[in-house]
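Protein sequences, first through last, are from chains A and B. Going by our numbering, the first sequence opens with residue 1407, and the numbers climb by one from there. Going by our numbering, the second sequence opens with residue 1407, and the numbers climb by one from there. We treat Cβ as the ideally placed atom computed from N, Cα and C, and that holds for glycine.
There are 2 protein chains.
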Amino acid sequence: MLFWSIIHSFMPSGGGGDVTMQKGDMIYQNGDTAHIHLAHIPEVVVSRIPQYFRTLNDLFQSGETVINSQSLGKILQITPAQIRKDLSYFGKFGKQGKGYNVEYLLDALRGVLGLDREWKVAVIGVGRLGRAIIGYPGFGPDGFKIVASFDEDPRQVGQSFGGLIVRPMSELANVVSKENIKIAIVAVPASQANKVVNMLVEVGIKAILNYAPTSPITPKNVRVRNIDPIVSLQAMTFYLQSEKEVEISLV
Amino acid sequence: MLFWSIIHSFMPSGGGGDVTMQKGDMIYQNGDTAHIHLAHIPEVVVSRIPQYFRTLNDLFQSGETVINSQSLGKILQITPAQIRKDLSYFGKFGKQGKGYNVEYLLDALRGVLGLDREWKVAVIGVGRLGRAIIGYPGFGPDGFKIVASFDEDPRQVGQSFGGLIVRPMSELANVVSKENIKIAIVAVPASQANKVVNMLVEVGIKAILNYAPTSPITPKNVRVRNIDPIVSLQAMTFYLQSEKEVEISLV
DNA sequence: ATATTTTTTAAATGAATTTTACATAATAGT
DNA sequence: ACTATTATGTAAAATTCATTTAAAAAATAT
């Protein structure tokens, strides 16, 4: 690989669908093609951005036009310094002496998170949980559109939930490719989860929201987030029991 | 406060319900009472323990008797060294040259997480989501028993879901105290979540699993874990869009 | 105008977390 | 019984991440 160039100073983003570059990003040449490699951003930072986004959305809905890092920090229980640092990974959004324009920052983060488009989503498994997910009204307003559902069970195939006909797994590859689906939600029993995840990886899914109580293994270009209420509860019971400070009377 | 003693070498746990102490823990005297302060364990470590526990459970179910850190790491996508380090915060559970006895480690972690008892849980909000939670069969086997449900809406009060009569919020304090409930699951709309969380804190709830898309503020002795699929999805779309490496033809 | 507020940036510090490396102990094979 | 191998536990090093500090710049309020 022939090294080409590192961006040493920030270049503010242009208009619509282009790639924003920043300090630390790299352009390199490989054969007859140039590649852009975006600078590393800590995962913890990436996980906080959606929370900033949601809070800004709430503020915007309630008519707020400006907010500073201090107030935002109070709402989210995060220090103002950290909020400023996090945002600075992506650009300069604030006005000195004033704070952040809510609508402007909201738009900026929408771009950062890739939410300035619609993401098509497939749901795998239409049991009790899968049906609840399909019926959940929260995905649409944030740009996630459930466009297909699948189930292994022939008795489910053909049924209709939330306006979606349940398809057999054999149609997965076709539908994912035709509809250009990149995101899947897994709502099958633990016993089937690994097999299903492998199939999803195979057909080109790049992000999986996994509700099964497992930790599926995927190539690192396929992201997985697990939602497991038991795991969350257990992490809390650790504290519940360890905080029982023992009191021994000495008298 | 009169300083008393720091534990300098590990004392293996005794029998049933006592508190396991270890290197770094402190005993101090305050008035006529002795207090035990357990050594700090990183939050990330605490979050991983339930995953070890779940995987060991699976292994145990499928008849495995021994596992080493390498194999466990492969399953969980964690380095063997990290697993050993994590476990070493709580004691010595392995045998050199062999690995960990699955059943023994499982029991040990059950104790660490405080799962060697039953935890009573209250569910707040019996809408679509709340009912799905009450009906979810996964809580019971892990020692979490949903013993009460509440709703603000008078039309829901008195109805029965999953064998539980829905109670009015006015009975919250009484029931929580009589039943000694320490854990609550919040499944109310975002607009009510903060108010509900405040009520829960007030009546002595110490751990909250929050399904509402908010980040409620609590005193630091009350733990909160948020489950928000939108936030999880958005953290992934960041990578989906930023990984679109741009390819520019140079020919 | 001037003082105040608040952001941005960089650098330095500090804290938390992960990895490395190795002494030590158990096991398995000969 | 001896040797080679395996795998833990942990101290120390390395890394990553978070926080603090300081200084410059921009906006607002007095």
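Where does residue i fall in DSSP's three states?
i: A/F1545; result: coil
i: B/D1464; result: helix
i: A/Q1483; result: coil
i: B/L1478; result: helix
i: A/L1646; result: helix
i: A/I1447; result: coil
i: A/L1521; result: coil
i: B/I1455; result: helix
i: B/P1635; result: helix
i: A/G1533; result: coil
i: B/I1539; result: helix
Any idea if residue i is buried or exposed, counting beta-carbon neighbours within 10 angstroms, 16 or more meaning buried?
i: A/N1627; result: exposed
i: B/D1548; result: buried
i: B/Q1502; result: exposed
i: A/Y1645; result: buried
i: A/G1531; result: buried
i: B/I1571; result: exposed
i: A/T1643; result: buried
i: A/P1622; result: buried
i: A/A1641; result: buried
i: B/R1523; result: exposed
i: B/R1561; result: exposed
i: A/Q1483; result: exposed
i: B/Q1467; result: exposed
i: B/A1538; result: buried
i: A/A1590; result: buried
i: A/P1448; result: exposed
i: A/Q1647; result: buried
If you compare alpha carbons, which of the options is closest to residue i?
i: B/R1454; options: B/K1588, B/P1595, B/F1496; result: B/F1496
i: B/N1616; options: B/V1603, B/G1610, B/S1597; result: B/V1603
i: A/G1569; options: A/E1558, A/E1577, A/A1579, A/K1551; result: A/K1551
i: B/S1638; options: A/M1642, A/Y1645, A/V1630, A/A1641; result: A/V1630
i: B/E1585; options: B/A1641, B/G1505, B/Q1483, B/A1528; result: B/A1528
i: A/P1619; options: B/N1463, B/P1448, B/I1447, B/V1450; result: B/N1463
i: B/K1480; options: A/T1624, A/Q1565, A/Q1647; result: A/T1624
i: B/L1511; options: B/A1613, B/V1582, B/D1492; result: B/D1492
i: B/A1514; options: B/V1594, B/A1590, B/Q1476, B/Y1458; result: B/Y1458
i: B/Q1476; options: B/Y1506, B/S1583, B/V1451, B/L1535; result: B/Y1506
i: B/F1556; options: B/P1635, B/A1613, B/N1580; result: B/N1580
i: A/L1606; options: A/I1633, A/S1597, A/S1621, A/L1578; result: A/L1578
i: A/Y1370; options: B/I1636, B/Q1640, B/Q1647; result: In the structure as shown, chain A starts at 1407 and stops at 1657, and residue 1370 of chain A therefore has no counterpart that could be examined.
i: A/Q1598; options: A/E1558, A/G1517, A/A1487, A/A1590; result: A/E1558
i: B/W1525; options: B/D1634, B/K1612, B/T1471; result: B/K1612
i: B/G1536; options: B/R1516, B/G1544, B/V1592; result: B/V1592
i: A/V1508; options: A/V1582, A/V1518, A/H1446, A/L1478; result: A/L1478
i: B/V1451; options: B/E1470, B/D1634, B/I1587, B/L1519; result: B/L1519
i: A/V1553; options: A/R1534, A/Q1488, A/K1588, A/K1504; result: A/K1588
i: B/L1500; options: B/E1470, B/N1474, B/I1614, B/Q1488; result: Checking the displayed sequence, the identity of residue 1500 of chain B turns out to be Gly instead of Leu. When each option's Cα is compared against that of B/G1500, the closest is B/N1474.
i: B/V1609; options: B/D1634, B/Q1488, B/M1575; result: B/M1575
i: A/V1594; options: A/R1534, A/S1566, A/P1456, A/Q1647; result: A/R1534
i: A/F1545; options: A/A1487, A/L1521, A/Q1565; result: A/L1521
i: B/R1400; options: B/A1487, B/G1564, B/R1516; result: Shown here, chain B extends from 1407 to 1657; a query on residue 1400 of chain B therefore has no answer.
i: B/V1472; options: B/G1564, B/N1600, B/K1601, B/K1504; result: B/K1504
Residue i bridges to which residues according to DSSP?
i: A/A1528; result: A/A1554, A/A1590
i: A/V1630; result: A/I1614
i: A/V1472; result: A/N1507
Return the chain-ordered ranges of every beta strand (DSSP E) run that is complete within the region 1489-1518 of chain A and spans a minimum of 3 residues. 1505-1507
Any alpha helix (DSSP H) of 4 or more consecutive residues that is wholly inside the region 1548-1616 of chain B: 1578-1585, 1596-1608
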